[in-house]
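Structure, as structure tokens:
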Ligand code: UTP
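Structure representation (structure tokens):
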């Protein structure tokens with residue numbers, strides 16, 4: 377069968393409706409695009425998620441849902457025997473080169489409204505460093521501390537891959553070795569209209585959108601990145617999102633708990649700041665851990681208190697995980713076995729009208745299909761969840777204004793710097809919410825956690841004056 381016949385047989389012949397009017401180059405480009413579409417996979421997604429003739433995953437029986445257990449954060453990690461043991465295990469594994477860092481940066485960042493890959497967004501309070509630079513410095517500082525190469529996987533999408541790579545080149549990889557950064561592109565899925573027909577974005581181009589952060593599992597396998605990690609002797613992957621400059625990328629405690637528990641996927645939880653905070657919830661259902669999204673958990677569950685007066689479902693998921701490479705290969709590889717499910721999202725998708733003119737819809741006109749990485753959790757053996765301190769782990773830049781915006785993120789970075797200085801015995805004038813009145817910035821190259829900061833600050837012979845614009849590197 378020709379490609380055209382295959383698409384017609386699948387009821388998708390509409391993608392050829394302007395084909396005869398295209399020049400040869402455009403015809404070939406469209407055919408090349410169509411070759412990437414898995415029509416069988418699309419057919420089942422249409423049945424499950426668009427026409428609903430095949431049952432999608434059964435709904436959650438909330439009466440059987442309980443909060444997932446987690447390792448609570450002790451008052452002093454370093455002197456808690458269990459946490460200290462985990463740290464030692466984690467540090468040994470880092471030193472022996474078993475860990476890679478991994479950022480998913482293939483999203484479109486529409487809420488922020490920034491016209492470039494989100495990793496280029498400048499967020500730091502004094503030096504206006506980009507998100508990518510901050511992550512690179514965290515990794516570089518860990519490489520120096522542990523005397524080992526820590527490769528960094530960067531997942532991009534077809535939309536932002538070239539601009540992302542160019543940014544790293546222009547900035548000389550922020551001091552990292554070129555060989556330490558491994559880019560790969562995530563997969564694409566065709567977007568469809570309400571009748572399940574693939575949308576034409578232009579006369580000779582179908583609408584394809586990134587397959588969600590969960591696409592990283594198969595993206596890592598298909599691109600050869602997983603194989604490359606294997607060659608380098610790496611079996612643990614520290615997963616984080618591009619929008620969170622506070623993330624503690626190389627965390628020996630977290631890695632140690634992961635290894636000690638024989639876990640295939642571990643997650644960090646942060647207690648929710650308030651009942652209806654828009655984060656997922658770590659839950660247990662039928663003996664399996666899972667994340668239930670804020671949009672899926674009924675309000676009464678989100679607000680319910682336990683006997684200590686704390687939110688019962690307070691374990692918020694902030695998209696920080698450790699994945700075993702072998703687990704990624706099992707779920708993302710071409711073999712049989714469980715795969716991540718797809719979800720539908722109704723979106724505004726640029727398209728052509730009946731005459732082939734390009735239009736930008738004002739309301740959602742199409743459906744895109746995405747996978748979520750946290751759906752891997754119920755498939756993981758021995759998953760472990762540990763608590764993290766929000767101020768040292770999580771402050772994402774999601775929106776242009778309001779919550780989770782550049783302003784809240786800058787304040788959280790300043791608060792962290794002030795807290796660390798106070799822990800080292802310095803006096804930093806702050807407002808009641810802990811935000812310093814001056815701009816401060818600590819480069820991860822100076823220290824990337826409080827313990828290291830305090831030791832390094834105390835050892836400084838000539839301590840700089842704590843004043844507006846203080847920058848430590
Ligand atoms: P978000 O859910 O915040 O989505 O992604 P987004 O596309 O970046 O932003 P909005 O919703 O359009 O404003 C969370 C993380 O997952 C990555 C993002 O880059 C971010 O690090 N992601 C998301 C991918 O890598 N690929 C995707 O297909 C979707």
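In the numbering used here, the protein residues as written are 377 to 849. Backbone N, C-alpha and C fix where the C-beta goes; we use that ideal spot for every residue, glycine too.
The segment 612-632 and the segment 692-705 touch, with three or more beta-carbon pairs separated by less than 8 Å. In the DSSP annotation of this structure, the continuous segment of the beta strand (DSSP E) that includes residue 532 starts and ends at 528-532.
The beta carbon of residue 643 sits no closer than 7 Å to any heavy atom of the ligand UTP.
By the neighbour-count criterion, in which 16 or more other beta carbons inside 10 Å mark a residue as buried, residue 779 falls on the exposed side. Between residue 667 and residue 499, the CB-CB gap reaches or exceeds 8 Å. Annotation note: the segment 754-838 contains the following uninterrupted alpha helix (DSSP H) runs of length 4 or greater, listed N- to C-terminal: 782-799, 826-835.
Distance from residue 636 to residue 462 at the Cβ level is roughly 6 Å; contact confirmed, criterion being Cβ atoms closer than 8 Å. These are the residues, in chain order, with a beta carbon less than 5 Å from any non-hydrogen atom of the ligand UTP: 480, 481, 482, 483, 484, 485, 486, 487, 586, 588, 589, 617, 618. Going by DSSP, residue 457 is part of the alpha helix (DSSP H) stretching over 457-471. With contact defined as three or more Cβ pairs closer than 8 Å, the segment 746-759 and the segment 629-649 are in contact.
Taking one beta carbon from each stretch, the segment 796-808 and the segment 828-835 have 3 or more pairs nearer than 8 Å; the two touch.
Annotated three-state conformation of residue 613 is strand, per DSSP.
In the three-state reduction of the DSSP assignment, residue 665 falls in the strand class, which pools E and B. Apart from sequence neighbours up to five positions away, the residues of its chain that approach residue 504 with a beta-carbon distance below 7 Å are 498, ordered along the chain. DSSP places residue 487 outside both helix and strand once states are collapsed to three, so it counts as coil. Residue 510 carries a helical assignment under DSSP once its states are collapsed to helix, strand and coil. Setting aside the 5 residues that flank it on each side, residue 599 is surrounded in the same chain by 560, each with a C-beta closer than 6 Å to its C-beta; the list follows chain order. Between residue 540 and residue 481, the CB-CB gap stays under 8 Å.
Of the residues 572, 513, 438, the one whose Cα lies closest to the Cα of residue 722 is 572. The DSSP-derived three-state label of residue 643 is strand. The residue among 607, 440, 509, 378 with its C-alpha nearest the C-alpha of residue 473 is 607.
Note on geometry: alpha-carbon atoms of residue 537 and residue 507 lie some 16 Å from one another. From the listed residues 535, 516, 478, the smallest Cα separation to residue 586 is found for 535. DSSP places residue 847 in the strand class (E or B) of the three-state scheme.
Counting every other CB atom within 10 Å of its CB across the protein chains shown gives residue 388 a total of 16 or more, marking it as buried.
For residue 476, the uninterrupted beta strand (DSSP E) segment begins and ends at 475-480. Sorting 406, 815, 792, 479 by C-alpha distance to the C-alpha of residue 578 places 406 at the top.
Annotation for residue 723: the continuous beta strand (DSSP E) segment containing it runs 719-723. Per the coordinates, the alpha-carbon of residue 564 lies some 28 Å from the alpha-carbon of residue 665. Secondary structure at residue 515: helix, using DSSP grouped into helix, strand and coil.
Here DSSP, grouped into helix, strand and coil, assigns residue 841 to coil.
Listed in chain order, the non-local C-beta contacts of residue 393 below 8 Å within the same chain comprise 576, local neighbours out to five positions each way being set aside.
For residue 737, there is no enclosing beta strand (DSSP E), as DSSP marks it with neither H nor E. Rounded to the nearest whole angstrom, the C-alpha separation of residue 661 and residue 680 is 17 Å. A check of alpha carbon separations from residue 385 across 756, 459, 416 identifies 416 as the nearest. In this structure the segment 465-472 does not touch the segment 727-741; the number of beta carbon pairs closer than 8 Å is below three.
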